[in-house]
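Shown next, in structure tokens, is the structure this report addresses.
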Amino acid sequence: MTTAKKPTRASKSSTKKTAVKKTAAHKKKPPKAAAQNKSPRSLRQKLWSWFWRLSILFLLVLGTWLIYLDAQVRAQFDGNKWTLPAKVYARPLSLYPGLLLSTQQLKAELQWNDYKAVSNVVMPGTYGRDGKDWIIYRRAFSFADQTEDAVKIRVSFAAGRIEQLSVAGVSEGLVRIEPQYIGGIFPAHHEDRELIALTDVPPALVAALIAVEDRAFFDHHGISIRGILRAMKANVAAGRTVQGGSTLTQQLVKNFFLTNERSLSRKIKEAFIALLLELHYSKEEIIQAYLNEVYLGQSGRRSIHGIALASRFYFAKNVQQLDLSEIALLVGMVKGPSYYNPLRKPDRARARRDVVLNVMAELKIISPAQRINAQGKAIHVAESGRAGQREYPAFIQLVKRQLQRDYRLEDLQNTGLRIFTTLDPWLQHATEKSIQQHVTKLEKRAGFNKPTLEAAAVVTSVDGAEVRAIVGSRRVRYFGFNRALDAQRSIGSLAKPAVYLTALASGRYDWSSIIDDKAVSVAGQDGSLWQPRNYDKKDHGKMFMVDAMARSLNQATARLGMTVGISQVVDTFGRLGVSKYIPPYPSILLGSLSMSPLEVTAMFQTYASGGFAMQPRVIQALTTNDNQILTSYALQGRQAYSPALIENLRYGMQQVVVQGTGKRLARAFNTTKIAAKTGTSDEQRDAWFAGFDDRHLAVVWLGRDDNKSMPFTGASGALPIWQNIFKQSGLEPLTPLVDLDWAWVNEYGQLVEKNCGAIRKMPFMPGALAGRALAGREISCGQASVSGDKVDSASHTEVVIEDKKGGSSWFDWLF
Amino acid sequence: MVRLVVLVFISISALALGTLSGCSVLPGSSMGEQHDPRQQQSREEHNDSLQNDIVRLDEGEHHPAVQVLLTQAEEARQQGQHQQALSYLDRARQIQPRNSAIFYRQAWLNYQLGELQQAQQLLQRATLFLRQSVANYSILQRRLVRLQNKVDAKLGFE
Numbered sequence: 000m001t002t003a004k005k006p007t008r009a010s011k012s013s014t015k016k017t018a019v020k021k022t023a024a025h026k027k028k029p030p031k032a033a034a035q036n037k038s039p040r041s042l043r044q045k046l047w048s049w050f051w052r053l054s055i056l057f058l059l060v061l062g063t064w065l066i067y068l069d070a071q072v073r074a075q076f077d078g079n080k081w082t083l084p085a086k087v088y089a090r091p092l093s094l095y096p097g098l099l100l101s102t103q104q105l106k107a108e109l110q111w112n113d114y115k116a117v118s119n120v121v122m123p124g125t126y127g128r129d130g131k132d133w134i135i136y137r138r139a140f141s142f143a144d145q146t147e148d149a150v151k152i153r154v155s156f157a158a159g160r161i162e163q164l165s166v167a168g169v170s171e172g173l174v175r176i177e178p179q180y181i182g183g184i185f186p187a188h189h190e191d192r193e194l195i196a197l198t199d200v201p202p203a204l205v206a207a208l209i210a211v212e213d214r215a216f217f218d219h220h221g222i223s224i225r226g227i228l229r230a231m232k233a234n235v236a237a238g239r240t241v242q243g244g245s246t247l248t249q250q251l252v253k254n255f256f257l258t259n260e261r262s263l264s265r266k267i268k269e270a271f272i273a274l275l276l277e278l279h280y281s282k283e284e285i286i287q288a289y290l291n292e293v294y295l296g297q298s299g300r301r302s303i304h305g306i307a308l309a310s311r312f313y314f315a316k317n318v319q320q321l322d323l324s325e326i327a328l329l330v331g332m333v334k335g336p337s338y339y340n341p342l343r344k345p346d347r348a349r350a351r352r353d354v355v356l357n358v359m360a361e362l363k364i365i366s367p368a369q370r371i372n373a374q375g376k377a378i379h380v381a382e383s384g385r386a387g388q389r390e391y392p393a394f395i396q397l398v399k400r401q402l403q404r405d406y407r408l409e410d411l412q413n414t415g416l417r418i419f420t421t422l423d424p425w426l427q428h429a430t431e432k433s434i435q436q437h438v439t440k441l442e443k444r445a446g447f448n449k450p451t452l453e454a455a456a457v458v459t460s461v462d463g464a465e466v467r468a469i470v471g472s473r474r475v476r477y478f479g480f481n482r483a484l485d486a487q488r489s490i491g492s493l494a495k496p497a498v499y500l501t502a503l504a505s506g507r508y509d510w511s512s513i514i515d516d517k518a519v520s521v522a523g524q525d526g527s528l529w530q531p532r533n534y535d536k537k538d539h540g541k542m543f544m545v546d547a548m549a550r551s552l553n554q555a556t557a558r559l560g561m562t563v564g565i566s567q568v569v570d571t572f573g574r575l576g577v578s579k580y581i582p583p584y585p586s587i588l589l590g591s592l593s594m595s596p597l598e599v600t601a602m603f604q605t606y607a608s609g610g611f612a613m614q615p616r617v618i619q620a621l622t623t624n625d626n627q628i629l630t631s632y633a634l635q636g637r638q639a640y641s642p643a644l645i646e647n648l649r650y651g652m653q654q655v656v657v658q659g660t661g662k663r664l665a666r667a668f669n670t671t672k673i674a675a676k677t678g679t680s681d682e683q684r685d686a687w688f689a690g691f692d693d694r695h696l697a698v699v700w701l702g703r704d705d706n707k708s709m710p711f712t713g714a715s716g717a718l719p720i721w722q723n724i725f726k727q728s729g730l731e732p733l734t735p736l737v738d739l740d741w742a743w744v745n746e747y748g749q750l751v752e753k754n755c756g757a758i759r760k761m762p763f764m765p766g767a768l769a770g771r772a773l774a775g776r777e778i779s780c781g782q783a784s785v786s787g788d789k790v791d792s793a794s795h796t797e798v799v800i801e802d803k804k805g806g807s808s809w810f811d812w813l814f
Numbered sequence: 000m001v002r003l004v005v006l007v008f009i010s011i012s013a014l015a016l017g018t019l020s021g022c023s024v025l026p027g028s029s030m031g032e033q034h035d036p037r038q039q040q041s042r043e044e045h046n047d048s049l050q051n052d053i054v055r056l057d058e059g060e061h062h063p064a065v066q067v068l069l070t071q072a073e074e075a076r077q078q079g080q081h082q083q084a085l086s087y088l089d090r091a092r093q094i095q096p097r098n099s100a101i102f103y104r105q106a107w108l109n110y111q112l113g114e115l116q117q118a119q120q121l122l123q124r125a126t127l128f129l130r131q132s133v134a135n136y137s138i139l140q141r142r143l144v145r146l147q148n149k150v151d152a153k154l155g156f157e
């Protein structure tokens, strides 16, 4: 019997094989015994003893295997059964008196958040109108900083703003709606699910599931012989497989522990695990696990698991809100989620639902009247595209990148993370719509008869650099190449503010300095000549520096940049937050360097924030599933430039809107208090528009993936998209960061009294007029020098639109 | 039919052996507790005159929504929940992105937590957005200068 030990040892490593072999072995024995019948007693005895030994050995092996299997089963089934995807949320909508909020936006945000409009608001997750007031029954929610209960909110509006707010009948200063769920981040697979406790599942659903899938569920011990026999009978009668003999426990085991492979050994393992499960866990625990595990459909790469997520996905409802027809539909889908998919196969789904309802009535789970009523209902599913969740692929991609950059892997593998982001769904919607509408319009105008143009945009808050919206393609639901993050395109004239900032920062220039727009030619180190021309191919002579900026003149800017120094301009890019290497070539002065829209946003953020260099950020807070805050971001950034210098630069950027390439915005918004810059790269391959008001900075890019030219400039291609975004979100005129000094200048750029040949009022750095910086430039009447540089008469621009709203803005009111 | 026989046999032997295996349990995976390191850091009480003024600043006129959050932040701060207080202040900042008093509080808390660089840039913003029209202008201005001196002194030592 020395050999007996060997199989035992071997069996530990490959138990399955041994088990099968042994079964085969003792089946072979009887015929052998019959053949060797010559010495019956001794041979039979021998055979018997061998049979017993082998049987005991077999049972030992089986026992060991079962112990091992049992340990595995319990380890997996106890505690966290599933690695839940990290949940990503948009910013919560905060409501407070004084907030500029259209009822259109409120309605849209509530609907995207699965709130139902009702006539009588009595349930969390519903809203309605009471005269002019809005009543919102907010659901309970664990925000990153605190858990808040479900409450009834009353909001009244006046002149487009919230006038009054009351929560549960008491007047309140502030309340927030729970944030919209915008997607999951899956660590390894794409299984999405929401967990639910059995006590929260409608009893009818559980009863229906048991009635349809496994009637003997409460009587068997994991596998059901009767079930198998019944299935077999039905299959034989039908001549094909119409029924499975699997119990709910076996189905759970198959999905939870095993693969989808169809083999006898898997089936055996499944049966054993089912028995073990029943041994250790109650029927309630098993059915709860089943309800959370069950696969109920697919949405792109994301698979829908569990009835909680499925009811949200198909009906945009909580499980508790499902009616009988919907319950029957979900239960029916268990058999074949894609075959009975109500979104694509409503007729099949309906027929299946009716079968389930019949079974339910037959078993008296529902009354005949209920059955008739439920069967009479049409199949209503949540709008496709909406499908329980709006998707923001471009934004989610950025969330993933920033998570990987800022968090440790261990933190991210934590199950049930919640990620609170900065996304503003309303602005995102506005940005998506603007891009989709305009790109099509532009293509029509250009005579492209198939989709040719692509676009991307980033919108951030001016003060905090919080990313409010991001679009990476005209196909806004597309999970592919994200142009906002990854398209490296030539930025053209968007580089110019950096050149003028360098000039202003040098202290040798102000906006009234006179610079020359004469043609320029620079010899490169390799002997090549760089000869940039203006867009209109004309020379514009001498002019105030501000006009060269406003009109985006290439020759004047190139001359200025060469004078202040290319390396100085390169330094400026660095200070503005551009981290990539910029080669010190003259052509960078006119933007022959490539950046992504997001990188451009980071650069312009410094102008928009008043001199603080900040990288755009999307994550507000990250919490674990037990609501521990892992990290919450506070406002970061360093002061790269003084607010006074930035305010001075902003004057130039506002002149773009007053008299330059962005003039159209002044008319559209009836204000010039917008700072912006157009950008068009060589041969019109890229059209850019970057600009900000008092709240938001938006950068828009338009171009072709094949990098060919198109008949659009920054002003004609990208500006309209920017304009449309701000039309929909509302534009708040800029407020000054600091007060600049103002003085009149004549056509030589000399400081003069207003009625003494002055042609323009110009801003100067605070204190500059009193100090020595401008000493010698101030002259008294009649002494105007005729020797210095003089503005060419042709370049006089007198467009100074006064802001009609006056100086006080909404922000002043807040204080 | 073979399938059935095998299943029957197996289920019988499993029933016999099932009880045998009931004793093996693997330890469940336990999740480590998460602590914010910054919360443990520097709980030192600064019995400073600065604190009184923080309360006094709340008495000024603020937007009602901001007032709610400032009050909550102050309560959290008094209970030593600095992270919580910072999160209320950040919500207030998002409602009024250029309220000097909010930045001052954020700077002050960061200073208390030893986050000097952070305190520094928040002070710069507080100073930038300080307007004479603000209630409690003079108190706030005095506080800003004082905190700036403290931050400068500490930064100087490092």
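Just so you know, the protein sequences line up as chains A and B, in that order.
Numbering-wise, numbering that gives the first Met the number 0 puts 658 at position 659 of the first sequence, and it's gapless, one number per residue.
Numbering-wise, numbering that gives the first Met the number 0 puts 50 at position 51 of the second sequence, and it's gapless, one number per residue.
Using N, Cα and C, we set each Cβ at its ideal position, and we do this for glycine too.
Everything numeric in this text was worked out from a predicted model, so none of it was measured.
Three-state secondary structure (DSSP) of residue i
i, result
"Leu49/B", "With a pLDDT of 49 at Leu49/B, under the threshold of 50, the modelled position of this residue cannot be trusted; read the value that follows with caution. Helix."
"Ile209/A", "helix"
"His539/A", "coil"
"Ile724/A", "helix"
"Pro596/A", "helix"
"Ala360/A", "helix"
"Phe255/A", "helix"
"Thr556/A", "helix"
"Arg759/A", "strand"
When the options are compared against residue i, the one with the closest alpha-carbon
i, options, result
"Leu112/B", "Arg142/B, Val150/B, Leu69/B and Asn98/B", "Val150/B"
"Ser728/A", "Phe572/A, Gln179/A, Ile55/A and Leu100/A", "Leu100/A"
"Asp144/A", "Pro91/A, Ile286/A and Gln104/A", "Pro91/A"
"Leu441/A", "Leu701/A, Thr102/A and Val117/A", "Leu701/A"
"Gly663/A", "Thr630/A, Ala697/A, Gly636/A and Leu718/A", "Checking the sequence, you will find Arg at residue 663/A rather than Gly. Closest option to Arg663/A, Cα to Cα, is Leu718/A."
"Asp705/A", "Glu453/A, Met231/A, Ile371/A and Met332/A", "Glu453/A"
"Ala348/A", "Met359/A, Ile365/A, Val333/A and Leu328/A", "Leu328/A"
"Asn448/A", "Ala455/A, Val457/A, Val438/A and Ala456/A", "Val438/A"
"Gly610/A", "Arg404/A, Asp546/A, Ile272/A and Leu500/A", "Leu500/A"
"Phe255/A", "Asn723/A, Gly506/A, Leu290/A and Lys537/A", "Leu290/A"
"Asp132/A", "Phe156/A, Gln110/A and Leu109/A", "Phe156/A"
Span of the beta strand (DSSP E) around residue i
i, result
"Asp485/A", "Looking at the DSSP string, Asp485/A is not in any beta strand (DSSP E); the run it does join, the alpha helix (DSSP H), is Arg482 to Asp485."
"Val569/A", "Where Val569/A is concerned, there is no enclosing beta strand (DSSP E), although the alpha helix (DSSP H) it sits in stretches over Ile565 to Arg574."
"Ile618/A", "Ile618 to Thr622"
"Phe156/A", "Val150 to Ala157"
Limits of the alpha helix (DSSP H) - the one that residue i falls within
i, result
"Gln163/A", "Not the alpha helix (DSSP H): Gln163/A falls in the beta strand (DSSP E), residues Arg160 to Val166."
"Gln82/B", "His81 to Ile94"
"Trp111/A", "Thr102 to Trp111"
"Gly651/A", "Pro642 to Val657"
"Glu283/A", "Lys282 to Glu292"
Contact with chain E by residue i, beta-carbon distance below 8 angstroms
i, result
"Ala125/B", "In summary, chain E is missing from the structure at hand, where the protein chains are A and B."
Quick one: any contact between the stretch 82-92 of chain B and the stretch 120-133 of chain A, if contact means 3 or more CB pairs under 8 angstroms?
no
Three or more C-beta pairs below 8 angstroms linking the stretch 531-540 of chain A and the stretch 713-725 of chain A:
no
Mind listing which residues of the stretch 136-154 of chain B have their C-beta closer than 7 angstroms to chain A's C-betas, in chain order?
none
Tell me which residues of the stretch 709-725 of chain A have at least one Cβ-Cβ distance to chain B shorter than 9 angstroms, keeping chain order.
none
Relative to chain A, which residues along the stretch 79-91 of chain B have a C-beta separation below 8 angstroms, given in chain order?
Gln82, Gln83, Leu85, Ser86, Tyr87, Asp89 and Arg90
Would you call the stretch 296-303 of chain A in contact with the stretch 242-261 of chain A, where contact means no fewer than 3 C-beta pairs closer than 8 angstroms?
no
Short of 7 angstroms Cβ to Cβ, which residues in the stretch 93-127 of chain A face chain B?
For the stretch 93-127 of chain A, which is checked against every Cβ of chain B, the residues closer than 7 angstroms are Ser93, Tyr95, Pro96 and Gly97.
Is the stretch 667-675 of chain A touching the stretch 562-574 of chain A, taking contact as three or more C-beta pairs under 8 angstroms?
Contact between the stretch 667-675 of chain A and the stretch 562-574 of chain A is absent: fewer than 3 CB-CB pairs across the two stretches fall below 8 angstroms.
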